[in-house]
Amino acid sequence: MMLPYPLLTLSLVLMWLLLNGFTPGHLVLGILVAVFASWAMASLRPDKPQLGKWYLLPKLFGIVLYDIVKSNIAVALIILKAGRRSHNPGFLTVELDIENHTAIAVLAVVLTSTPGSAWLEYDSNDKTVLLHILDLDNEAEWRNTIKNRYEKLLMEIFA
Amino acid sequence: MMQSAADMPVWAAIAVAFFLLVGSGLALIGAIGFLRLPTFYERIHAPTLGTSWGIGGIMLASMIFFTVSSGRLVFHEILIGIFVTVTTPITFMLLARAALHRDRAEGNGNVPDKPNRSQPAREFLGESDPRRG
Chain A
0 MMLPYPLLTL SLVLMWLLLN GFTPGHLVLG ILVAVFASWA MASLRPDKPQ
50 LGKWYLLPKL FGIVLYDIVK SNIAVALIIL KAGRRSHNPG FLTVELDIEN
100 HTAIAVLAVV LTSTPGSAWL EYDSNDKTVL LHILDLDNEA EWRNTIKNRY
150 EKLLMEIFA
Chain B
0 MMQSAADMPV WAAIAVAFFL LVGSGLALIG AIGFLRLPTF YERIHAPTLG
50 TSWGIGGIML ASMIFFTVSS GRLVFHEILI GIFVTVTTPI TFMLLARAAL
100 HRDRAEGNGN VPDKPNRSQP AREFLGESDP RRG
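For the record, the sequence lines run as chains A and B.
Each residue of the first sequence is one higher than the last, beginning at 0 in numbering that gives the first Met the number 0.
Each residue of the second sequence is one higher than the last, beginning at 0 in numbering that gives the first Met the number 0.
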């Protein structure tokens, strides 16, 4: 096939133009590099991600940006008051329903870039993930955020 | 056309200063947290301040400054943000899993066991723990 990964090829062209500035010469060079890179990628034969409702991606992006702002403020406050031990750190095991590798990877990126929650390890046998939460006052609320706020949306995006 | 920083319009100068202060302030708080938080698992949360809105604020400030001062849209900084966001979880998971492995093997702290592996309580394991040494 000519273009095994159209999205990857397009992003590589865009990245090339962002880095080098837009000129017709760089457009041609960028397209050449991107096409050869996507052929190289195809020979690695990774699982091709199945996009379902891809138009929900901006919604996920907005939710995550908002949550990152909120948790940045929360974690900054915890650190500034750290001498008084006002927070309650703890481990949390969550059962996941998503199996798509790309979706799990996106969830890991989301939870890691949100300060206050860290993705420790995923067990593919019983499909659980071990998280560490900096302020685990309300365990049910954390579970609810992960399952209903992120996972549901991810399952729709990666059908 | 390139201007010097002093020629910037006031609104742009305020926006650049605001985002620079937010970004560098968060990075500083993250560094303080890295120093002050008591346990390893708590400390891994602190640098994420720097890798989320820390980098985000400085990135926005840079984008606004160079867009205004060069008179054309400059936004290739967004690539730094994307790559930092996508690559930090790899380092974090590597560090966290190394710490988990060590704590489980040495039996220190109240670290949860590997899931799906029913184990007797730590106190009764002693030297017979197969994952030890």
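Cβ atoms here follow ideal geometry from the backbone N, Cα and C, with glycine treated the same way.
Among the options, which residue has its Cα nearest to the Cα of residue i?
i: Gly55 of chain B; options: B:Thr66, B:Val83 and B:Arg35; result: B:Val83
i: Trp52 of chain B; options: A:Thr111, A:Phe21, A:Trp15 and A:Ala102; result: A:Thr111
i: Asn147 of chain A; options: A:His131, A:Ile97 and A:Leu6; result: A:Ile97
i: Met92 of chain B; options: B:Arg103, B:His44 and B:Val15; result: B:His44
i: Asp134 of chain A; options: A:Gly89, A:Leu17 and A:Leu95; result: A:Gly89
i: Lys80 of chain A; options: B:Gly29, B:Met7 and B:Gly22; result: B:Gly29
i: Tyr15 of chain A; options: A:Leu6, A:Tyr4 and A:Leu28; result: The sequence given here has Trp at residue 15 of chain A, not Tyr. The option with the nearest alpha carbon to Trp15 of chain A is A:Leu28.
i: Ser123 of chain A; options: A:Lys58, A:Leu59, A:Ala104 and A:Met154; result: A:Ala104
i: Val11 of chain A; options: A:Leu18, A:Thr127, A:Asn143 and A:Ala33; result: The sequence shown places Leu at residue 11 of chain A, not Val. The option with the nearest alpha carbon to Leu11 of chain A is A:Ala33.
i: Val38 of chain B; options: A:Ala102, A:Arg142, A:Val128 and A:Ile78; result: According to the sequence provided, residue 38 of chain B is Thr. The question's Val does not apply to it. Comparing Cα positions, the closest option is A:Ile78.
i: Asn212 of chain A; options: A:Leu76, A:Leu64, A:Asn19 and A:His86; result: With chain A represented from 0 up to 158, any question about residue 212 of chain A goes unanswered, as that position is not in the structure.
i: Arg109 of chain A; options: A:Leu153, A:Asn19 and A:Ala36; result: In the sequence under discussion, the amino acid at residue 109 of chain A is Val, which differs from the Arg named in the question. Checking every option, the nearest Cα to that of Val109 of chain A belongs to A:Leu153.
i: Tyr4 of chain A; options: A:Leu17, A:Leu18, A:Lys126 and A:Leu50; result: A:Leu50
i: Pro8 of chain B; options: B:Arg101, B:Arg103, B:Val21 and B:Ile63; result: B:Ile63
i: Ala107 of chain A; options: A:Asn143, A:Tyr149, A:Pro45 and A:Asp125; result: A:Tyr149
i: Leu94 of chain B; options: A:Leu119, A:Ala75 and A:Ala73; result: A:Leu119
i: Leu18 of chain A; options: B:Phe33, B:Phe74 and B:Leu34; result: B:Phe74
i: Glu94 of chain A; options: A:Gly20, A:Leu130, A:Ile62 and A:Leu13; result: A:Leu130
Within 10 angstroms of its Cβ, does residue i collect 16 or more other Cβ (buried), or is it exposed?
i: Ala138 of chain B; result: Any question about residue 138 of chain B goes unanswered here, given that chain B covers just 0 to 132.
i: Glu140 of chain A; result: exposed
i: Glu41 of chain B; result: buried
i: Lys151 of chain A; result: exposed
i: Ala158 of chain A; result: exposed
i: Thr87 of chain B; result: buried
i: Val114 of chain A; result: Rather than Val, the amino acid found at residue 114 of chain A in this sequence is Pro. Buried.
i: Ser70 of chain A; result: buried
i: Gln118 of chain B; result: For Gln118 of chain B, the pLDDT reaches just 45, beneath the cut-off of 50, and the residue's location in the model is therefore unreliable, leaving the point undetermined.
i: Thr8 of chain A; result: buried
i: His169 of chain A; result: There is simply no residue 169 of chain A to check, as chain A begins at 0 and stops at 158 in what is shown.
i: Thr50 of chain B; result: buried
i: Pro23 of chain A; result: exposed
i: Arg130 of chain B; result: Low per-residue confidence applies at Arg130 of chain B: pLDDT is 45, beneath 50, and the placement is therefore not dependable, though the value from the model is reported in the following sentence. Looking at its Cβ environment, which holds fewer than 16 other Cβ atoms inside 10 Å, Arg130 of chain B is exposed.
i: Trp53 of chain A; result: exposed
i: Thr47 of chain B; result: buried
i: Trp10 of chain B; result: exposed
i: Ile132 of chain A; result: buried
i: Leu59 of chain B; result: buried
i: Ser42 of chain A; result: exposed
i: Ala75 of chain A; result: buried
i: Arg101 of chain B; result: exposed
i: Val128 of chain A; result: buried
Chain A partners of residue i, CB-CB under 8 Å?
i: Met92 of chain B; result: Ala107, Thr111, Trp118, Leu119 and Glu120
i: Ala16 of chain B; result: Those within 8 Å of Ala16 of chain B in chain A number zero; the least Cβ separation is about 19 Å.
i: Val85 of chain B; result: Val108
i: Trp10 of chain B; result: Correct list: empty, because the minimum Cβ distance to chain A is about 22 Å.
Is residue i close to chain E, meaning its C-beta is less than 8 Å from at least one C-beta of that chain?
i: Ala39 of chain A; result: Protein chains in the displayed structure are A and B, and chain E is not among them.
Under 9 Å Cβ-Cβ, which residues of chain B neighbour residue i?
i: Met191 of chain A; result: With chain A running from 0 to 158 in the structure shown, residue 191 of chain A is simply not present.
Residues of chain B with a CB under 8 Å from the CB of residue i: which are they?
i: Leu17 of chain A; result: Phe74, His75, Ile77 and Leu78
i: Pro88 of chain A; result: Thr38, Tyr40 and Glu41
i: Val68 of chain A; result: Trp52
i: Leu133 of chain A; result: Glu41 and His44
i: Asn71 of chain A; result: Leu25, Leu48, Ser51 and Trp52
What does residue i reach in chain B if we use C-beta pairs closer than 7 Å?
i: Ile33 of chain A; result: It should be pointed out that residue 33 of chain A corresponds to Ala in this sequence rather than to Ile. The premise fails here: Ala33 of chain A is roughly 15 Å from chain B at the closest Cβ pair, so nothing lies under 7 Å.
i: Pro114 of chain A; result: His44, Thr47, Leu48 and Ser51
i: Ala75 of chain A; result: Leu25, Ile28 and Leu48
List the residues of chain A that residue i touches, going by C-beta distances under 7 Å, in chain order.
i: Arg103 of chain B; result: Under the 7 Å cutoff, chain A gives no residues; its nearest Cβ is about 11 Å from Arg103 of chain B.
i: Ala60 of chain B; result: Going along chain A, no residue has its Cβ under 7 Å from Ala60 of chain B, so there is no contact; the nearest lies around 16 Å.
Exercise. Unbroken alpha helix (DSSP H) runs of length 4 or more, entirely within the region 39–87 of chain A: which are they?
Worked result: 56–79
Exercise. Counting pairs of beta carbons, one from the region 10–18 of chain B and one from the region 63–70 of chain B, are three or more of them closer than 8 Å?
Worked result: yes
Problem set entry | beta strand (DSSP E) segments (min. 3 residues) lying fully within the region 22–97 of chain B | none
For this session: Kindly provide the ranges of any alpha helix (DSSP H) runs that are 4 or more residues long and lie completely inside the region 100–126 of chain A, ordered along the chain.
Result: 100–112
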